[in-house]
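In this note's numbering, the protein residues as written are -7 to 199.
Below is the structure:
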């Protein structure tokens, strides 16, 4: 891997900034330093690149639901990988993956939805998560459509109504933001989440 210290990874923060932050964390991280790290790097990255654009799209009222849910599905996979510190790699010529790499997203994506708050409230079984993965996530990202009878609507009482096969994008957005708030609190003191965070950001920075 090559590193470019001036490459921006979170707002105006760069690879070089992450290396400096990582060095501070390695010297004895406090709760306060982990909260600072979350805000400076993860929150800023997600809000400038994903959640902020979703906020802009919300008000367009002209078919933006497909774009929003496509972004949300990409975010869900990122959050799933971040939680366990795994990085995507496309193996070629029989290459073996390391313990912290993955090449197929189905298991990672579905396990996250069916085991993580608040998503598991709606993804009550692996079957529900797999249906969403195959017909919403894969449908949107591979064919720019939903499949299997799924529809996207703006707002409802829940994020996912499995009986009606409806994704309510506002409630799914709320769920993602709630997850991030809960994740921040856990990150302050959970060494496994902290190690996974560092692995993920090292990979984002090609370090």
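Don't be surprised by glycine CBs; every beta carbon is placed ideally from N, CA and C.
query, result
"Can you give the beta carbon distance from residue 67 to residue 42, rounded, assuming they're within the 8 Å contact cut?", "6 Å"
"How far does the alpha helix (DSSP H) with residue 160 in it reach, from first residue to last?", "Note, residue 160: premise wrong, no alpha helix (DSSP H); beta strand (DSSP E) at 158 to 160."
"With which residues is residue 93 paired in a DSSP beta bridge?", "79"
"In chain order, what are the residue ranges of uninterrupted beta strand (DSSP E) at least 3 long that sit wholly in the segment 151 to 195?", "158 to 160"
"Can you list, in chain order, the residues of its chain with a C-beta nearer than 7 Å to that of residue 180? Leave out the 5 residues immediately preceding and following it.", "23, 26 and 27"
"Anyone know if the C-beta pair for residue 74 and residue 192 falls short of 9 Å?", "yes"
"Quick one: any contact between the segment 134 to 141 and the segment 50 to 57, if contact means 3 or more CB pairs under 8 Å?", "no"
"With DSSP as the reference, please indicate the residues paired to residue 6 in a beta bridge.", "0"
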